[in-house]
Amino acid sequence: MEPIYGKNNKEELPLEYYLAKFREGDPQEMAARCALPFDGARFTVRLMGDTFTLSHPDFEVRGDREPTNPERILFLRYLLDGRYVPPAGAFRTYREFPWGEVYLQQFTGRCIKRFAFSYNGRTGLLRRIMEQLPAHPVKMGDVGYELELMEGLAIQLILWEGDDEFPPNAQILFSENFQQAFTAEDMANIGDIVLNRMKAIGAALPA
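Residue numbers (the numbering used here): 19 to 225.
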């Protein structure tokens with residue numbers, strides 16, 4: 019999938035743009051391409067452990083919680099242009115995906131560094147958040163977790179804590195089938211979506 023965004027996609031391609039395309043689309047084709055249940059009126063999709071239903075053609079979203087606008091756009095992007103491919107078990111860095119080099123600096127700052135500095139020295143909080151998502155631990159870095167973003171699409175978040183000599187470091191890996199599901203800029207936005215959800219969960223946890 020080639021990138022379709024300009025430098026400021028929030029103005030150039032607003033939510034209304036995707037909504038117009040969604041209303042014109044064939045829901046049966048979308049459901050088959052994305053391997054999502056569709057009952058003739060509503061799609062069912064899971065996002066980070068929460069279940070949502072999306073009506074066609076009016077795109078009324080109901081779910082376990084109120085989705086953010088970036089999450090709504092993510093649903094639309096997947097239904098409009100994504101394709102479900104079963105996972106093969108391999109994971110890649112962001113730069114290994116087509117067009118990943120184009121957005122690598124943006125992804126590194128917005129997602130990898132944000133993750134590293136948000137949870138350095140706060141691994142106890144990170145573990146509590148990941149239990150809520152839910153995610154399961156992986157034996158990578160000082161702390162590592164694997165999270166299912168959507169059905170069959172997994173993300174690994176890996177943290178190496180800093181010390182007096184070295185700053186904290188992190189890596190975010192994507193299952194290889196993200197290539198068929200999303201563009202490189204979608205994936206940068208997904209990093210933001212995941213980290214924002216983690217922040218919201220952390221803020222709601224008891225002290």
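All C-beta atoms in this analysis are idealised placements derived from N, C-alpha and C, irrespective of residue type, glycine included.
All values reported here derive from a predicted model rather than from experimental measurement.
Beyond the five residues adjoining it in sequence on each side, Leu-98 comes within less than 7 Å, by CB distance, of Tyr-36, Lys-39, Phe-40 and Gly-43 in the same chain, given in chain order.
CA-CA distance, Phe-115 to Ala-202, rounds to 7 Å. Comparing C-alpha distances from Leu-165 to each of Leu-94, Gln-197, Val-212 and Glu-89 shows the shortest one belongs to Val-212.
Secondary structure note for Ala-188: its beta strand (DSSP E) is the uninterrupted segment 187-193. Fully contained in the stretch 24-73 are the following alpha helix (DSSP H) runs of length 4 or more, in chain order: 27-30, 33-42 and 45-52. Contiguous alpha helix (DSSP H) elements confined to the stretch 117-195 occur at 122-125, 132-137 and 141-150, taking only those with 4 or more residues.
Around the beta carbon of Ser-193, 16 or more other beta carbons sit within 10 angstroms, so the residue counts as buried. Here the stretch 109-126 lies against the stretch 182-198, with 3 or more beta-carbon pairs under 8 Å apart. A contact is defined here as three or more CB-CB pairs under 8 Å, and the stretch 121-133 fails this definition with respect to the stretch 71-81.
Contact between the stretch 138-156 and the stretch 169-185 is established, with three or more Cβ pairs separated by less than 8 Å.
Straight-line spacing of the CA atoms in Gly-139 and Glu-179 works out to 7 Å.
Residue Asn-214 holds the alpha-carbon nearest to the alpha-carbon of Met-66 among Asn-214, Gly-107 and Ala-188. Taken through DSSP and simplified to helix, strand or coil, Val-103 comes out as coil. Per DSSP, Arg-83 lies in no beta strand (DSSP E) segment and is marked neither H nor E. Distance between His-154 and Tyr-163, taken at the CA atoms: about 5 Å. By the Cβ-count criterion, Asn-87 is exposed, with fewer than 16 other Cβ atoms from all chains shown falling within 10 Å of its own Cβ. Tyr-96 sits away from Ala-206, with the two beta carbons spaced by 8 Å or more.
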